[in-house]
Amino acid sequence: MYSKSGRLEIARKIADGTHDLNVIPLTALMHGYIKFGELQLARDVFDSVSDKDVVLWTAMIVGYAQHGLDHDALTLFCIMFLEGIEPNDYTIACLLSVCASSGVLDYGKQLHAHVLRNDIRLTISVSNALVTMYARCGSLIAAEYVFKHAGVHDAVSYTSMIMAKAQHGLGNEAIELFDEMMEQRKKPDHITYIGVLAACSHAGLVDLGWHHFQMMHKKHAIEPQMSHYACMIDPFGRAGLLKEADEFIRSMPVEPDVVVRGALLSACRIHNNVDLARRAAEKLLAIEPENSGAYAVIANVYASYGEWQEAAEIRKIMKDRGVKKEPGCCWIQIKKKVHVFGVQDSFHPLREQIYAMVSKLCCQVRELGYQPDTSSVLHDLEEELKEQLLSHHSEKLAVAFELISTADGSTLRIMKNLRVCNDCHAWFKFVSRLVQREIVLRDANRFHHFKNGLCSCKDYW
Ligand code: ZN
Ligand code: ZN
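And the structure:
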C-alpha cells in the first residue's frame with residue numbers, strides 16, 4: 397500500500413490526468429483511500445477508471461456506507477443502475493444495510509423487488525440483510541415473512557430475527573426463537589446475547605435475563621461485554637429494583653462504561669429517584685464530561701421535582717463546559733421523499749397546515765384524557781408556554797404532516813435521533829387511538845408501536 401504522501405502525489409496525478417496506472421493498482425489505491433476515510437480522493441480514483449465493473453462500483457458504495465455517508469451510497473447506486481451495471485448480491489446486501497440505518501423503507505422495498513424481478517441470488521446474507529432492513533425500518537411483519545421464507549437459517553439469521561423481535565418489544569417471541577435456535581444447534585455469539593438479554597428486559601423477565609447472562613459464559617464461553625452488562629440494568633430498572641441495579645454495577649469485574657452508567661441513569665429518570673440519579677450522573681460525567689444526554693436526564697429529574705435552581709445550575713455547568721445539546725430531529729419518508737423536522741420547525745412548505753393539524757390533534761386528545769406532561773420542559777415558564785413548547789416537538793410535527801399526506805388506515809412511521817420524551821410518548825398513545833392508526837416510532841433506543849392507545853414498550857424506554 398502507498399504511504400500518505402505517496403497517495404497524495406498519485407491523487408494529484410489523477411486529478412491532472414497524468415497518471416499511468418492500470419485498473420489493478422487503481423483499485424488498490426481506492427481501497428487505501430477508503431480505509432483512511434479520504435472518500436473524495438477515493439471517488440476521484442473511482443471516476444478515473446474507464447471500464448468499471450460491478451466489483452469496483454460495489455467497493456465505492458460500500459466505502460461510502462462504511463463511513464456513514466448513506467446518501468452518497470444510494471446516489472452512487474442510482475448512477476450505477478442508470479449506467480446499466482447489474483448489482484450483485486454483495487451490492488444489494490450493502491445497500492439494504494444503508495436503508496436499514498437511515499430507515500428508508502421505500503428504497504429498501506424497491507431493492508427487494510429488484511432482487512425478485514432480476515433473479516439476483518437470494519443468498520443467506522441478502523435475506524439476512526432484508527430481515528434487518530425491514531425490522532430497522534419498522535416493518536416487523538415483512539421481516540418475519542422474509543425470515544420464514546428464507547429456507548435455510550444460519551446463526552446470523554436467527555440473531556437478526558431475535559434482535560428484531562427484541563427491539564420491537566416482543567420479548568417472549570424473541571426468547572422462543574432463541575430456544576429454537578438452540579434446538580437447531582446454531583452457535584450464538586455476543587450479538588445474539590444482546591438480543592436475548594434485551595428481550596428479557598422488554599418482557600420484564602428479570603430471572604430469565606439473569607439465567608441467560610450466566611449461561612452465555614458458562615455454556616457458550618462468551619465473555620460478557622459492556623453492552624451485555626447494560627442490558628442487565630434494564631430489567632432491574634423495569635422492575636423498579638434500582639438498588640439491585642446499583643449493586644449489580646458495583647459487582648462488575650470491569651470498570652462500567654458510559655452505556656452501563658447511562659442505563660442506570662435512565663432507570664432513575666423513569667422512577668424519579670433523585671439521589672441515585674445524581675450519583676449516577678456524576679459517575680457518568682466523570683467518564684464523559686461532554687455527554688449532553690446525561691445533563692439532560694439529571695436536569696429533567698430536578699425539574700420534575702420542581703427544583704428549578706438545581707436544574708438551572710446543571711444548564712449553567714453545561715454552558716460553562718461548552719457542552720452542546722444534540723438538537724432533536726425526526727424524519728419520515730413519503731412517496732420516496734425524505735422530510736426532516738426539527739423542534740418548532742418553520743421551514744416546511746406546508747408549515748401552516750402542519751401547525752393547524754397539531755393544534756387540532758392536541759384539542760381532540762385532551763377530550764380523550766391526555767394531559768400535557770410539562771415536567772420535561774427544563775425552564776421555569778408559564779404552564780401555557782410550556783405546553784406550547786411541547787406541542788411543537790419534532791415528532792408531533794412529523795405525525796401531523798404524515799396524517800395530512802397519507803391515506804386513511806396506513807401505518808405512520810417516524811424516525812427520531814434522540815429518545816422520545818414522556819409527553820410525546822403519552823400524546824402518541826392517544827393519537828393512535830384517536831385516528832385509529834398504528835404509529836411506529838424508532839427513537840435512539842428502540843421501537844415503539846403505538847396502537848389503540850397503548851405502546852409496545854409498555855411505557856418503559
Ligand atoms: Zn417530545
Ligand atoms: Zn413506547
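Residue numbers (my numbering): 397 to 857.
Note that beta-carbon positions come from the ideal geometry of N, C-alpha and C, so glycine has one too.
Residues that DSSP places opposite residue i in a beta bridge
| i | result |
| --- | --- |
| G738 | C725 |
| L808 | I835 |
| F843 | R838 |
| C851 | F846 |
| I730 | K733 |
C-beta atoms of residue i and residue j nearer than 8 Å
| i | j | result |
| --- | --- | --- |
| I516 | I481 | no |
| V739 | H667 | no |
| C627 | A594 | yes |
| Y625 | V656 | yes |
| C495 | L478 | no |
| H608 | C596 | yes |
| F473 | L491 | yes |
| I810 | C726 | yes |
| L465 | Q729 | no |
| M426 | A438 | yes |
| D603 | K582 | no |
| P768 | E778 | no |
| V592 | F574 | yes |
| S688 | K715 | no |
| V761 | W823 | yes |
| A690 | G658 | yes |
| E684 | V719 | no |
| G605 | P631 | yes |
| A695 | A682 | no |
| M753 | L808 | no |
| V450 | P483 | yes |
| F826 | L764 | yes |
Backbone CA spacing between residue i and residue j [nearest angstrom]
| i | j | result |
| --- | --- | --- |
| S755 | S787 | 8 Å |
| T555 | L601 | 19 Å |
| F442 | S742 | 40 Å |
| F432 | S521 | 26 Å |
| N841 | V816 | 9 Å |
| D671 | V693 | 13 Å |
| L660 | I629 | 6 Å |
| T588 | S553 | 10 Å |
| H463 | I590 | 24 Å |
| D468 | H845 | 30 Å |
| K615 | L757 | 52 Å |
| I537 | E405 | 52 Å |
| I618 | A641 | 22 Å |
| N524 | L470 | 19 Å |
| C533 | K409 | 43 Å |
| H510 | T423 | 27 Å |
| V836 | D485 | 29 Å |
| F843 | C664 | 21 Å |
| A599 | N568 | 6 Å |
| G428 | Q436 | 12 Å |
| V542 | E572 | 18 Å |
| K544 | M557 | 10 Å |
| S497 | H613 | 30 Å |
| N514 | M577 | 32 Å |
| E540 | Y766 | 34 Å |
| P421 | D447 | 14 Å |
Check: residue i C-beta below 7 Å from any heavy atom of ligand 4
| i | result |
| --- | --- |
| C851 | With respect to small molecules bound, the structure shown includes ligand 1 and ligand 2 and not ligand 4. |
Neighbour flag for residue i against chain C, beta carbons, 8 Å
| i | result |
| --- | --- |
| W606 | Protein chains in the displayed structure number just one, and chain C is not present. |
Point to revise | Contact the region 844-854 vs the region 787-802: 3+ CB pairs below 8 Å | key: No, they do not touch.
Practice item. Would you list, in sequence order, the uninterrupted alpha helix (DSSP H) runs of no fewer than 4 residues that lie entirely inside the region 434-491? Key: Taking only runs of at least 4 residues, the alpha helix (DSSP H) segments lying wholly in the region 434-491 are 435-444, 450-462, 466-478.
Review point. At what residue ranges does the region 501-554 contain a whole run of the alpha helix (DSSP H), taking only runs of 4 or more?
Key: With a minimum length of 4 residues, the continuous alpha helix (DSSP H) runs that stay inside the region 501-554 are 501-513, 520-532, 536-544.
Check your understanding: Should the region 564-584 be regarded as contacting the region 522-530, the criterion being three or more beta carbon pairs within less than 8 Å?
Key -> With the cut-off at 8 Å, the region 564-584 and the region 522-530 do not touch.
Check your understanding: Taking contact to mean at least 3 C-beta pairs separated by less than 8 Å, is the region 734-753 in contact with the region 674-688?
Key -> Taking 8 Å as the limit for Cβ pairs, the verdict is that the region 674-688 does not touch the region 734-753.
Check your understanding: Should the region 830-849 be regarded as contacting the region 797-811, the criterion being three or more beta carbon pairs within less than 8 Å?
Key -> Touching, yes.
Point to revise | Segments assigned alpha helix (DSSP H), at least 4 residues, entirely inside the region 647-720 | key: Counting only runs of at least 4 residues, the region 647-720 fully encloses the following alpha helix (DSSP H) elements, listed from N- to C-terminal order: 654-666, 670-683, 688-700, 704-716.
Review point. Considering only residues of the region 554-600, which uninterrupted alpha helix (DSSP H) runs meet the minimum length of 4 residues and lie entirely inside it, listed in chain order?
Key: Counting whole runs of 4 or more residues, the region 554-600 contains the alpha helix (DSSP H) stretches 567-579, 586-598.
Exercise for review: Please specify which runs of the alpha helix (DSSP H), each continuous and at least 4 residues long, are wholly inside the region 748-830, giving them in chain order.
Suggested key: 779-787, 790-801, all fully within the region 748-830.
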